[in-house]
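The first sequence begins at 393 in my numbering and counts up one residue at a time.
Even for Gly, the Cβ is constructed at its ideal location relative to N, Cα and C.
Below: one structure, written as structure tokens.
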Amino acid sequence: MRGRRLPRAFYARPALDVTADLIGKILVHRAPAGETAGVNVEVEAYIGESDPACHAAPGPTPRNRPLYGAPGYAYVYLNYGIHALVNVVAEPAGSPAAILIRALDPTIGIPLMRRRRSVPGKGVVAMRADAPDAELCRGPGNLTRAMGITLGDNMRDLTGGQLFILDAGLARPVAWSERIGIRVGTESRWRGYDPESRAVSGPRRR
DNA sequence: CGTTCGATGCACT
DNA sequence: GTGCATCGAACGT
């Protein structure tokens, strides 16, 4: 896997710019079990205390602390008591914003991803063995499971650890829509995705 | 095709 | 005690 690790400056920009530029970049996780990686094909921005769907909406709390910190760090939290969801902190420190990674096009470590997904967990059903590769990282909860990303990765520095994002020079088209799965803040079309990828979550399948 | 619903942990009120 | 930035099985049409 060739490419340049995204520097802090990439993340220290307006969240929507980061969101758009994240599509086509490669999320990499080097774990003891092996390396996994995939191309970002679906991401969502959560921006500021005025965004009711953003975890910063209630103001600073212990949980959302990473959002207020420096950009280029991971924000991982437990959702529905079951899924670890991974975000990338954007914008300068003090401006709470994050981009949720919702789907990847798997490129490296596919057997390892398949192995992880095949293990049933708490409230999680094992993925069918005959499921296509595009299903491995389709959806934010599925993606962290396949990549081996856990709550222990919260606040990890994406510019200097085993979890990082690579610019491999891939060009992917970007389409925009409303964010998925939220009950407030649905007006904002802050979901960016690659309309040509089959790994994108949501109702559009085939 | 569509909608409903249970599993599960915890931050926040 | 309430409500999730989910997932997939089970059901209805």
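Alpha-carbon spacing of Gly430 relative to Ile418, whole angstroms | Start at 1 with the first residue of the first sequence, and residue 430 comes out as number 38. Start at 1 with the first residue of the first sequence, and residue 418 comes out as number 26. Distance between the alpha carbons of Gly430 and Ile418 is about 5 Å.
Residue nearest to Ile415 in terms of C-alpha spacing, selected from Ala437, Leu470, Ala423, Arg400 = One-based indexing of the first sequence puts residue 415 at position 23. When each option's Cα is compared against that of Ile415, the closest is Ala437.
Around the C-beta of Asp522, are 16 or more other C-beta atoms found within 10 angstroms, so that it is buried, or is it exposed?
-> Indexing the first sequence from 1 puts residue 522 at position 130. Under this definition Asp522 is an exposed residue.
Does the region 459 to 470 come close enough to the region 479 to 499 to have 3 or more Cβ pairs within less than 8 Å?
-> yes
Alpha-carbon spacing of Ile502 relative to Tyr460, whole angstroms = One-based indexing of the first sequence puts residue 502 at position 110. One-based indexing of the first sequence puts residue 460 at position 68. Taking the straight line from one Cα to the other gives about 34 Å.
Alpha carbon to alpha carbon, how far is Arg597 from Leu555?
-> Here residue 597 refers to the residue found at position 205 when the first sequence is read from its first residue. Here residue 555 refers to the residue found at position 163 when the first sequence is read from its first residue. Reliability fails at Arg597, whose pLDDT of 46 lies under 50, so the model's placement of it is uncertain and the value that follows must be treated cautiously. Cα to Cα, Arg597 sits roughly 29 Å from Leu555.
Express the C-alpha separation of Arg405 and Pro450 in angstroms, rounding to a whole number.
-> As a first step, residue 450 is located in the first sequence; it is residue number 58 there, counting from the start. As a first step, residue 405 is located in the first sequence; it is residue number 13 there, counting from the start. So the two alpha carbons sit approximately 23 Å from each other.
Quick one: what's got a C-beta closer than 7 Å to Arg397's C-beta in the same chain, skipping five residues either side?
-> Within the first sequence, numbered from 1, the residue matching residue 397 stands at position 5. If we look at Arg397 and ignore the five residues flanking it on each side, its Cβ neighbours are Thr551, Phe556, Leu558.
Does DSSP put Asp497 in a helix, in a strand, or in coil?
-> As a position in the first sequence, residue 497 is number 105, starting the count at 1. Asp497 falls in the strand class under three-state DSSP.
With a cut-off of 8 Å, do at least 3 Cβ pairs link the region 532 to 552 to the region 560 to 568?
-> no
7 Å CB neighbourhood of Glu588 in its chain, flanking five on each side removed | Your numbering for residue 588 matches position 196 in the first sequence. Taken in chain order, the residues that qualify are Pro565.
CA nearest to the CA of Arg335, picked from Arg400, Tyr585, Arg394 = Lying outside 393 to 598, the shown extent of the chain, residue 335 is not represented and no answer is given.
Between the Cα of Arg457 and the Cα atoms of Asn471, His475, Pro488, which residue gives the shortest distance?
-> Position 65 of the first sequence, counted from the first residue, corresponds to residue 457. For the residues Asn471, His475, Pro488, the minimum Cα distance to Arg457 belongs to Pro488.
Round the Cβ separation of Arg508 and Ala538 to the nearest angstrom and send it over; I've been treating them as touching at under 8 Å.
-> Residue 508 sits at position 116 when you count from the first residue of the first sequence. Residue 538 sits at position 146 when you count from the first residue of the first sequence. Arg508 to Ala538, Cβ: 6 Å. Contact.
Is Val576 near Ala445, with beta carbons less than 7 Å apart?
-> Within the first sequence, the letter at position 184 stands for residue 576. Within the first sequence, the letter at position 53 stands for residue 445. Closer than 7 Å, so yes.
Neighbourhood of Asn471 by C-beta distance below 6 Å, restricted to the same chain and skipping five residues each side | The sequence position of residue 471 within the first sequence is 79, counting from 1. The answer, listed in chain order, is Leu477.
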